[in-house]
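Written below as C-alpha cells is the structure these notes are about.
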Amino acid sequence: MRRFQFPVDVAHAASVNETMAEVRRLRVSAIVTAVVLVALAAWFFWMAHPWSYILGAVFLIAAATSLWVTVWAPRKVGAVEDLYAKGQLIPAVIAETRPRGVTILALLDIAKPDAQARHYVLVTRSIRALPGHELVEGELVPSIAVLADRTTNTTGDTWQMVSPMPIAWGTTDASVIERATAEITEPEWALLLANIGLSEKVRAADNQQLSVDPHDLPEDLR
Numbered sequence: 001m002r003r004f005q006f007p008v009d010v011a012h013a014a015s016v017n018e019t020m021a022e023v024r025r026l027r028v029s030a031i032v033t034a035v036v037l038v039a040l041a042a043w044f045f046w047m048a049h050p051w052s053y054i055l056g057a058v059f060l061i062a063a064a065t066s067l068w069v070t071v072w073a074p075r076k077v078g079a080v081e082d083l084y085a086k087g088q089l090i091p092a093v094i095a096e097t098r099p100r101g102v103t104i105l106a107l108l109d110i111a112k113p114d115a116q117a118r119h120y121v122l123v124t125r126s127i128r129a130l131p132g133h134e135l136v137e138g139e140l141v142p143s144i145a146v147l148a149d150r151t152t153n154t155t156g157d158t159w160q161m162v163s164p165m166p167i168a169w170g171t172t173d174a175s176v177i178e179r180a181t182a183e184i185t186e187p188e189w190a191l192l193l194a195n196i197g198l199s200e201k202v203r204a205a206d207n208q209q210l211s212v213d214p215h216d217l218p219e220d221l222r
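So the sequence shown is numbered by my numbering: it starts at 1 and just counts up by one.
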C-alpha cells in the first residue's frame with residue numbers, strides 16, 4: 001500500500017474536509033432524532049395506558065440507539081490525522097464541473113489486506129469545495145482512500161464503503177499537494193484522464209464503483 005505522510009492542518013481540515021463534515025451531520029441528526037424520540041416516549045408514558053408504556057419503552061430504546069450513533073460514528077471513521085496517515089495514496093481527477101461543486105474520479109484498490117488478488121475500481125465522489133485546485137476538468141487531485149465495511153462482521157475480499165479524500169482537505173501547503181501528485185505514477189494519471197468520460201457511468205453503478213479490467217492497468221498495478 002502506498003502511503004503519504006504530511007503534517008495535517010487540523011483547523012483547515014475541520015473547515016473544509018467533507019468527510020469529517022458528514023460525520024458531524026450524522027451526529028447532529030442522531031441527536032435531534034434522539035430528542036424527538038424521548039419526547040414521544042414521555043408523551044406515551046404520560047398517557048398511562050398499558051399499551052402506551054410499551055410504546056414509550058420502545059421509543060426510549062430507539063432514542064438510546066440514536067445516541068449510540070453519536071459515539072460510534074466518529075470512532076468508526078477515526079481522527080482526520082489517522083485517516084490521512086493510514087490510507088493509501090490514490091490518483092483522482094476532476095471529471096465533471098457543476099455550478100456548486102465538482103465530481104472527482106479516482107482509481108484505487110479496494111482489496112482487503114488478506115485478499116488473494118488486487119481489485120482496482122474507478123469511483124466517483126461529488127464534492128462542493130476543493131481549495132488548492134483549479135476547478136476545471138482534468139485537474140489532478142491526489143487523494144487518500146477511506147475504506148471501511150458497513151458492519152464489523154462483514155466478510156469478503158473487498159471493502160464495501162469507498163471514498164476518495166483529497167489531500168487538499170488536509171493542508172493549505174501547495175508543496176505538499178505537488179509532492180503527493182509526483183508520487184503517483186504517470187501511467188496512473190494517464191489512465192484516469194483517458195477515462196474521464198466514464199464518470200457518469202461510474203456514478204450510476206452500484207456503490208458508485210466500476211471495476212477496471214486488469215489488462216487496462218499499468219504494469220506495476222497488475
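We treat Cβ as the ideally placed atom computed from N, Cα and C, and that holds for glycine.
8 Å contact criterion, which residue i and residue j should meet: CB distance rounded
{"i": "Arg128", "j": "Arg100", "result": "6 Å"}
{"i": "Ala34", "j": "Ser66", "result": "4 Å"}
{"i": "Pro142", "j": "Ile177", "result": "6 Å"}
{"i": "Leu107", "j": "Leu198", "result": "Contact flag wrong, Cβ pair sits at about 11 Å."}
{"i": "Leu89", "j": "Arg2", "result": "5 Å"}
Among the options, nearest to residue i - alpha-carbon criterion
{"i": "Asp216", "options": "Ser199, Gln208 and Ala194", "result": "Ala194"}
{"i": "Ala11", "options": "Thr171, Glu188 and Ala63", "result": "Thr171"}
{"i": "Ser163", "options": "Ser52, Val36 and Thr103", "result": "Thr103"}
{"i": "Glu81", "options": "Val146, Leu140 and Pro91", "result": "Val146"}
{"i": "Trp159", "options": "Ala30, Leu55 and His119", "result": "His119"}
{"i": "Phe4", "options": "Ile196, Pro91, Glu219 and Glu134", "result": "Pro91"}
{"i": "Ile144", "options": "Glu186, His133, Ile167 and Asp9", "result": "Ile167"}
{"i": "Ala95", "options": "Thr185, Leu135, Gly87 and Phe59", "result": "Leu135"}
{"i": "Glu139", "options": "Val93, Leu122, Thr97 and Asp173", "result": "Val93"}
First through last residue of the beta strand (DSSP E) which encompasses residue i
{"i": "Ala95", "result": "Ala92 to Arg98"}
{"i": "Val121", "result": "Tyr120 to Ile127"}
{"i": "Ile144", "result": "Ser143 to Ala148"}
{"i": "Leu210", "result": "Gln209 to Ser211"}
Alpha helix (DSSP H) segment containing residue i, residue limits
{"i": "Pro166", "result": "From DSSP, Pro166 is part of no alpha helix (DSSP H) but of the beta strand (DSSP E) over Met161 to Pro166."}
{"i": "Asp109", "result": "It is not in any alpha helix (DSSP H) - Asp109 instead sits in the beta strand (DSSP E) that spans Gly101 to Asp109."}
{"i": "Asp82", "result": "Val80 to Lys86"}
Pair within 9 Å by beta-carbon distance, residue i and residue j
{"i": "Gln209", "j": "Asp157", "result": "no"}
{"i": "Leu37", "j": "Ala62", "result": "yes"}
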